[in-house]
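Peer 1: Dropping a structure here in structure tokens format, bear with me for questions.
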Amino acid sequence: MSPIAANLQAVRQRIADAAVACNRDASTICLLAVSKTFDAHAVIEAYKCRQTAFGENYVQEAVDKIAAVNTLVESEPTDGDSHRTEWHFIGPIQTNKTRLIAENFDWVHSIDRIKVAERLDAARSSLPTPLQVCIQVNIGDEQTKGGVSPEDTLALARSISKLSRLKLRGLMAIPPASDDRAQQRRYCAILRDLKDDLTAAGIALDTLSMGMSGDLEAAVAEGATIVRVGTAIFGPRAARSSKRIEEITR
Numbered sequence: 001m002s003p004i005a006a007n008l009q010a011v012r013q014r015i016a017d018a019a020v021a022c023n024r025d026a027s028t029i030c031l032l033a034v035s036k037t038f039d040a041h042a043v044i045e046a047y048k049c050r051q052t053a054f055g056e057n058y059v060q061e062a063v064d065k066i067a068a069v070n071t072l073v074e075s076e077p078t079d080g081d082s083h084r085t086e087w088h089f090i091g092p093i094q095t096n097k098t099r100l101i102a103e104n105f106d107w108v109h110s111i112d113r114i115k116v117a118e119r120l121d122a123a124r125s126s127l128p129t130p131l132q133v134c135i136q137v138n139i140g141d142e143q144t145k146g147g148v149s150p151e152d153t154l155a156l157a158r159s160i161s162k163l164s165r166l167k168l169r170g171l172m173a174i175p176p177a178s179d180d181r182a183q184q185r186r187y188c189a190i191l192r193d194l195k196d197d198l199t200a201a202g203i204a205l206d207t208l209s210m211g212m213s214g215d216l217e218a219a220v221a222e223g224a225t226i227v228r229v230g231t232a233i234f235g236p237r238a239a240r241s242s243k244r245i246e247e248i249t250r
């Protein structure tokens with residue numbers, strides 16, 4: 001068994017155990033493998049273990065990688081759409097990158113202002129399906145992180161809901177780093193409560209994107225439907241390489 005295969009098995013077991021501990025169905029929790037800085041070979045290794053949802057932070061790296069992975073996936077035998085790769089953009093969004101994001105990704109987790117949402121909406125016009133999106137919320141009020149404040153989330157959600165080519169699905173957060181399980185749960189509960197508040201206000205949401213390698217158990221306990229796990233699957237990240245992604249398809 002390869003290291004990635006073994007790591008995926010271990011992470012899936014962590015999710016299953018966390019779900020049992022809080023009386024949840026593990027099948028309602030999506031594992032998003034965060035593959036940023038890792039090449040397409042690593043993604044294909046995970047794909048061969050039936051991992052299909054991948055998260056990326058860097059637009060150009062991701063676009064090149066998606067093309068390379070799709071080329072390799074097309075040569076792999078599948079049993080239908082169940083093995084289609086699904087790509088989630090989870091990083092900060094620059095307005096000059098919105099077209100690339102809208103045209104290449106299935107999901108975007110990191111919308112925190114209406115200008116970005118409107119540009120994504122306009123750029124999605126050439127595709128037949130809406131872009132699935134989450135609002136990023138800065139639940140720890142950290143200056144170094146993106147995200148709308150909890151108080152301003154409802155107004156942004158109402159504005160996004162009016163955009164026809166975006167489908168608002170839920171909320172995303174990157175909680176302050178902590179090894180304390182109670183602290184982890186406290187921040188995750190803030191996002192869960194905010195989702196409940198928006199639902200009560202008439203904004204139908206079904207997604208909570210929260211929880212990473214170090215706090216996924218706390219996130220599952222507080223209702224996460226997507227956990228974003230990178231290092232626990234792919235290992236420590238090296239510095240970003242300038243090697244051309246397309247070389248791996250030769």
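Throughout the sequence shown, residue numbering follows the numbering used here, covering 1 to 250 in sequence.
Cβ atoms here follow ideal geometry from the backbone N, Cα and C, with glycine treated the same way.
All figures in this text were calculated on a predicted structure; none of them were measured in a lab.
Assuming the contact rule is C-beta atoms closer than 8 Å, I135 and A157 should be a hit. Round their C-beta distance to whole Å, please.
Peer 2: Here residue 135 refers to the residue found at position 135 of the sequence shown. Here residue 157 refers to the residue found at position 157 of the sequence shown. Confirmed, about 6 Å.
Peer 1: Can you name, in chain order, every residue of its own chain whose Cβ lies under 6 Å from the Cβ of D121, other than the five neighbours on each side?
Peer 2: For this step, residue 121 is matched to residue 121 along the sequence shown. Excluding positions up to five away in sequence, the list reads L163, R165, L166.
Peer 1: Using DSSP bridges, identify the partner residues of C207.
Peer 2: What you label residue 207 is simply residue 207 of the sequence shown in a count that begins at 1. Residue identity differs from the one stated: residue 207 is Thr in this sequence, not Cys. DSSP, once it has assigned bridges, lists G170 as partnering T207.
Peer 1: Report yes if the CB atom of L191 is closer than 8 Å to the CB atom of M210, and no otherwise.
Peer 2: If you number the sequence shown from 1, residue 191 lands on position 191. If you number the sequence shown from 1, residue 210 lands on position 210. It is a contact, given that the beta carbons lie within the stated cut-off.
Peer 1: Excluding the five sequence neighbours on either side, which residues of its own chain have a C-beta within less than 7 Å of the C-beta of A201, listed in chain order?
Peer 2: Residue 201 sits at position 201 when you count from the first residue of the sequence shown. Answer for A201: L154, listed in chain order.
Peer 1: Taking its Cβ as the centre, do 16 or more other Cβ atoms sit within 10 Å of M1, making it buried, or is it exposed?
Peer 2: As a position in the sequence shown, residue 1 is number 1, starting the count at 1. Per the 10 Å Cβ criterion, exposed.
Peer 1: L32 lies in the beta strand (DSSP E); which residues open and close that run?
Peer 2: What you label residue 32 is simply residue 32 of the sequence shown in a count that begins at 1. It spans 30-34 - the beta strand (DSSP E) in which L32 sits, taken as one unbroken run.
Peer 1: For C188, which beta-bridge partners are listed by DSSP?
Peer 2: The residue labelled residue 188 in the question sits at position 188 within the sequence shown. For C188, which the question treats as bridged, DSSP gives no partner whatsoever.
Peer 1: Would the stretch 16-29 and the stretch 41-49 be scored as touching if the rule is three or more Cβ pairs under 8 Å?
Peer 2: no
Peer 1: The alpha helix (DSSP H) with H83 in it runs from where to where?
Peer 2: In the sequence shown, residue 83 corresponds to position 83, counting from 1. No alpha helix (DSSP H) holds H83; DSSP gives it neither H nor E.
Peer 1: Please report the residue range of the alpha helix (DSSP H) in which V227 lies.
Peer 2: Position 227 of the sequence shown, counted from the first residue, corresponds to residue 227. Element bounds for V227: not the alpha helix (DSSP H) but the beta strand (DSSP E), 226-229.
Peer 1: Could you pull the DSSP bridge partners for A53 from this structure?
Peer 2: The residue you call residue 53 lines up with position 53 of the sequence shown. For A53, which the question treats as bridged, DSSP gives the partners E86.
Peer 1: Which word fits R215, buried or exposed, when buried means at least 16 other C-beta atoms lie within 10 angstroms of its C-beta?
Peer 2: For this step, residue 215 is matched to residue 215 along the sequence shown. First, the residue type needs correcting, since residue 215 is Asp and not Arg in the sequence shown. So D215 ends up on the buried side.
Peer 1: In chain order, what residues of the same chain have a beta carbon less than 8 Å from the beta carbon of R237, not counting five sequence neighbours either side?
Peer 2: To locate residue 237, count along the sequence shown from 1; it is residue 237. If we look at R237 and ignore the five residues flanking it on each side, its Cβ neighbours are K36, T37, F38, G230, T231.
Peer 1: Considering only DSSP beta bridges, list what C22 is partnered with.
Peer 2: For the purposes of this step, residue 22 is taken as the residue at position 22 of the sequence shown. Beta-bridge pairing links C22 to no other residue.
Peer 1: Just verifying my parser: in three-state terms, what is the DSSP assignment at L120?
Peer 2: Taking the first residue of the sequence shown as 1, we reach residue 120 at position 120. L120: helix per DSSP, three-state reduction.
Peer 1: In its own chain, which residues sit with a C-beta less than 7 Å from the C-beta of G223, not counting the 5 before and 5 after it?
Peer 2: Along the sequence shown, read from residue 1 onward, the residue named residue 223 stands at position 223. Only R192, L208 meet the Cβ criterion.
Peer 1: With a threshold of 16 other CB atoms inside 10 Å of the CB of R244, please say whether the residue is buried or exposed.
Peer 2: Along the sequence shown, one-based indexing puts residue 244 at 244. Unreliable placement is indicated for R244, whose pLDDT of 39 sits below 50; the coordinate value is still reported in the next sentence. With fewer than 16 Cβ atoms within 10 Å of its Cβ, R244 is classed as exposed.
Peer 1: Given a threshold of 16 other Cβ atoms within 10 Å of its Cβ, counted over all protein chains shown, does S82 qualify as buried or as exposed?
Peer 2: By 1-based counting over the sequence shown, the position of residue 82 is 82. Low local confidence applies: a pLDDT of 49 at S82 is under 50, so the model's placement there is unreliable, and no value is given.
Peer 1: I'd like the span of the alpha helix (DSSP H) that includes V69, first residue to last.
Peer 2: For this step, residue 69 is matched to residue 69 along the sequence shown. It spans 59-74 - the alpha helix (DSSP H) in which V69 sits, taken as one unbroken run.
Peer 1: Rounded to whole angstroms, what's the CA-CA distance from V116 to V43? Just pull it up for me.
Peer 2: Residue 116 sits at position 116 when you count from the first residue of the sequence shown. Residue 43 sits at position 43 when you count from the first residue of the sequence shown. Their Cα atoms are separated by approximately 28 Å.
Peer 1: Relative to the alpha-carbon of A102, which residue among R84, S161, H88, I29 has its alpha-carbon at the smallest distance?
Peer 2: The count along the sequence shown starts at 1 and reaches residue 102 at position 102. That would be H88, whose Cα lies nearest to the Cα of A102.
Peer 1: Please classify Q184 as buried or exposed, where buried requires at least 16 neighbouring CB atoms within 10 angstroms.
Peer 2: Translated into positions along the sequence shown, residue 184 becomes position 184. That one is buried.
Peer 1: What does DSSP give as the partner residues of L100 in its beta bridges?
Peer 2: In the sequence shown, counting from the first residue as 1, residue 100 sits at position 100. Looking at the DSSP assignment, L100 forms no beta bridge with any residue, so it has no partner.
Peer 1: So, at 7 Å on beta carbons, what are the nonlocal neighbours of Q132 in its own chain, with the 5 sequence-adjacent residues on each side left out?
Peer 2: For the purposes of this step, residue 132 is taken as the residue at position 132 of the sequence shown. Non-local C-beta neighbours of Q132 in its own chain, meaning closer than 7 Å and more than five positions away in sequence, comprise D106, W107, K167, R169, ordered along the chain.
Peer 1: For T71 and H41, what's the separation of their Cα atoms in angstroms?
Peer 2: Here the question's residue 71 lines up with position 71 in the sequence shown. Here the question's residue 41 lines up with position 41 in the sequence shown. Using only the alpha carbons, I get a separation of about 12 Å.
Peer 1: For the beta strand (DSSP E) containing S110, list its first residue and its last residue.
Peer 2: The residue given as residue 110 occupies position 110 in the sequence shown. Where S110 is concerned, the enclosing beta strand (DSSP E) stretches over 107-111.
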